[in-house]
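Chains as they are written, first to last, in our numbering: chain Y, 906 to 1200; chain C, 906 to 1200.
The beta carbon of each residue, even a glycine, is placed where N, CA and C say it ideally should be.
A short worksheet on the structure shown next.
2 protein chains.
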Amino acid sequence: MMPAGFDAWSRAALAKVEQALDLWVPADAPGGLGEAMRYGVLDGGKRLRPLLVLAACEAVGGDAVTALRAAVAVELIHAYSLVHDDMPCMDNDVLRRGKPTVHVRHGEALAMLAGDAMQALAFEVLTSGEEVDLSTQARLCGLLARAAGHAGMAGGQAIDLASVGKPLAEETLREMHRRKTGALLKVSVVMGAACGAAGPQAASALEAYGDAVGLAFQVVDDVLDVTQSSAVLGKTAGKDQQQNKPTYVSLLGLEGARAYAHALQRRAHAALAGSGLTETSALSILADMVVRRES
Amino acid sequence: MMPAGFDAWSRAALAKVEQALDLWVPADAPGGLGEAMRYGVLDGGKRLRPLLVLAACEAVGGDAVTALRAAVAVELIHAYSLVHDDMPCMDNDVLRRGKPTVHVRHGEALAMLAGDAMQALAFEVLTSGEEVDLSTQARLCGLLARAAGHAGMAGGQAIDLASVGKPLAEETLREMHRRKTGALLKVSVVMGAACGAAGPQAASALEAYGDAVGLAFQVVDDVLDVTQSSAVLGKTAGKDQQQNKPTYVSLLGLEGARAYAHALQRRAHAALAGSGLTETSALSILADMVVRRES
């Protein structure tokens, strides 16, 4: 797939994801909950995780209906984590995706509830309808629950909280990011692969790819926090330094962090090359996008 | 089962539930997350929902291993909702189960994360191991996700938030409680039934039973908030009136609310009587306990 082919593929994929999110996130949930959920999920975000799910599914020739469910579920978990992360008791951020954050717009109580309901909705989406067989539903629920919970995203956020103002060894920093951001990016690839019947070689190659892309994403995030403006990022820039948070930039320096991101990009490509899969060009380009992105 | 038999049954059931919670909620989750999760879940609570799961499973001759997983998962959802409910942006409560609330002890950020991780853990528990077949895992995940999310508990909490200080019609009040407290109590019974092969008549009787018990629980909660002290309740008493929240007592008066609770108790018994099931005595006594409880 050439970049032109990828553009058409990603446009079509994004349209499907937006439409599915719009269908799944209820407008009529009571007490303003539906509005708060929709405000937190729709019309924003790069949808990187859904694209990884769909691309990995295609790489293994998996079922597209199942993959779209998985893509929606992963994005709901990601979006809920942003809603809760932005709240005053966590990062206290007022700007996200270029708009006021959910608690600024809808109040803290409804923001917390909306996040909670978005997490539940992710598992509702994975277990709805009869198009997806029950054993795949169960496998996808299990993968997502582990990536979202104490051993994954929530655990990484707790390390992050506990580490503010402390120097961290590279190993601890990597462990924090592997859980906080990496786990959900990696599980996007793994869930996509679980929508088909990947052999053990392909499955472990896709896992290695997901691991490298997940870590690269966070390294680049740390770089962008230093080098870009809030206007470009659509969220408050320079927060890591301001909050004295350990980052790859504080650990490796700006050039060191950039070099590390490129090394991870090469590692992602190498995993695909050794995967035995043929249709991996969308995954390949997604890895490039993660490293080259400017916001 | 006579009350004496029930005492032995419930002691054994509670011991199993406490042991399973202790095994499942990790002590070693990083950044203090494990401690906060365990503080919010262990050593407290009446474990009414787990008891309903186990009793309903026994009523249909279901699988005890599956039911224990379901019991732990439901209690994790209940416990996470209390942790988030108690936070300053919601009910701002400092006392729960006779102890300082999680955010008082561990800080708001970790309390929010612990609640988030407890919700994920519920789905992790339901999808772990090979003792439970994958299709049952998927069914249980789906039931729990719907009961916890926008159409259930989270939706009811949003109605509650939106209704503070407003007079509510009985129908709206019932709808709020049916979602906020009732959905999780009812799904406890339904998930217990899903651990076996209940016929349609038994399944719908158990649903009706769960519906009546769920509503009765909330009516009694409203009564106790007025009639009991904080010391007896282990949480702050008199909060509904202080926050000008609509309750069954404000709608029906104290005697009216008590009479309604007894009517629901009779409805629960009637559902069991018409269920065609024989082993329903634990469920029958649990319905009585819900209405007669004094804390």
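> Under three-state DSSP, which class holds Y:Lys1144?
Replying inline: helix
> Residues of chain C with CB under 9 Å from Y:Asp991, in chain order?
Replying inline: Here the premise fails: no neighbours, minimum Cβ distance about 11 Å.
> CB Y:Gly1060 to CB Y:Arg1044, shorter than 8 Å?
Replying inline: no
> C:Thr1032 versus chain Y: which residues are under 7 Å apart at the beta carbon?
Replying inline: Ala1043, Cys1046, Gly1047 and Ala1050
>> Within 8 Å of any Cβ in chain C, is that where the Cβ of Y:Cys1100 sits?
In response: no
> Taking only beta-carbon atoms, is Y:His1055 less than 8 Å away from chain C?
Replying inline: yes
> Under 8 Å, do Y:Ala1088 and Y:Met1058 count as touching if we go by C-beta distance?
Replying inline: yes
>> Which residue marks the beginning of the alpha helix (DSSP H) containing C:Pro955, and which one marks its end?
In response: Leu953 to Ala964
>> Beta-carbon within less than 7 Å of C:Asp957's beta-carbon, same chain only, minus the 5 sequence neighbours each way: which residues are those?
In response: Checking the displayed sequence, the identity of residue 957 of chain C turns out to be Leu instead of Asp. Hits under 7 Å: Leu1090, Ser1093, Val1094, Gly1097 and Leu1191.
> How should C:Gln1170 be labelled, buried or exposed, when 16 other C-beta atoms within 10 angstroms of its C-beta is the threshold for buried?
Replying inline: buried
>> For a contact defined as C-beta to C-beta under 8 Å, what are the partners of Y:Met942 on chain C?
In response: His1055
>> Quick check: the Cα distance between C:Ala964 and Y:Asp1021, rounded to an integer number of angstroms?
In response: 32 Å
>> Tell me which residues of the stretch 1008-1034 of chain Y have at least one Cβ-Cβ distance to chain C shorter than 9 Å, keeping chain order.
In response: His1008, Gly1012, Glu1013, Ala1014, Leu1015, Ala1016, Met1017, Leu1018, Ala1019, Gly1020, Asp1021, Ala1022, Met1023, Gln1024, Ala1025, Leu1026, Ala1027, Phe1028, Glu1029, Val1030, Leu1031, Thr1032 and Ser1033
> Who are the Cβ neighbours of C:Phe911 in its own chain at under 8 Å, not counting the five residues just before and after it?
Replying inline: Ser1186, Ala1187 and Ile1190
>> Check whether chain Y comes within 8 Å of C:Gln1147, counting only Cβ atoms and requiring the distance to be less than that.
In response: no
> Should C:Leu947 be flagged as near chain Y, meaning a C-beta pair shorter than 8 Å?
Replying inline: no
>> Suppose the cutoff is 6 Å on Cβ atoms and the five residues either side in sequence are ignored; what does the same chain contact list for Y:Ala1173 look like?
In response: Tyr1114, Ala1117, Val1118 and Ala1192
> For Y:Pro993, which residues from the same chain have a beta carbon less than 8 Å from its beta carbon, with the 5 sequence-adjacent residues on both sides left out?
Replying inline: His1008 and Glu1013
> How many whole angstroms separate the CB atoms of Y:Val977 and Y:Ala925, which I take to be in contact at a CB cut-off of 8 Å?
Replying inline: 5 Å
> With DSSP run on the structure shown, which of helix, strand or coil describes Y:Pro1228?
Replying inline: Here chain Y has residues from 906 to 1200 only, and residue 1228 of chain Y is not among them.
> Can you give the Cα-Cα distance for C:Asn997 and Y:Gly937, rounded to whole angstroms?
Replying inline: 21 Å
> alpha helix (DSSP H) containing C:Ser1186: first to last residue?
Replying inline: Ser1186 to Arg1197
> What are the start and end residues of the alpha helix (DSSP H) that includes Y:Lys1091?
Replying inline: Ala1088 to Ala1099
>> Check this for me: beta carbons of Y:Glu1029 and C:Arg916, under 8 Å apart or not?
In response: no
> Buried or exposed: Y:His1167, going by 16 or more other Cβ atoms within 10 Å of its Cβ?
Replying inline: exposed
>> For a test of the three-state rule: what should DSSP assign to C:Leu898, helix, strand or coil?
In response: Summary: the structure shown does not reach residue 898 of chain C, with chain C confined to residues 906 through 1200, and so no result is reported for it.
>> Which same chain residues end up closer than 7 Å to Y:Asp927 when comparing Cβ atoms and leaving out the 5 residues on each side of it in sequence?
In response: Leu947
> Nearest-angstrom Cα distance between Y:Lys1140 and C:Leu1031?
Replying inline: 36 Å
>> If I follow the unbroken alpha helix (DSSP H) through C:Leu1073, where does it start and stop?
In response: Per DSSP, C:Leu1073 belongs to no alpha helix (DSSP H) and is neither H nor E.
> Alpha carbon to alpha carbon, what distance is there between Y:Ser986 and Y:Ala1178?
Replying inline: 33 Å
> Excluding five sequence neighbours on each side, which residues of the same chain lie with their C-beta closer than 6 Å to the C-beta of Y:Gly949?
Replying inline: Arg1002
> In chain Y, which residues lie less than 8 Å from C:Gly939 when you measure between Cβ atoms?
Replying inline: His1055
> In the structure shown, what three-state DSSP assignment does Y:Leu1039 receive?
Replying inline: helix
>> Can you check which of these residues, C:Glu1036, C:Met1081, C:Thr1086 and C:Ala932, is closest to C:Leu953 by C-alpha distance?
In response: C:Thr1086
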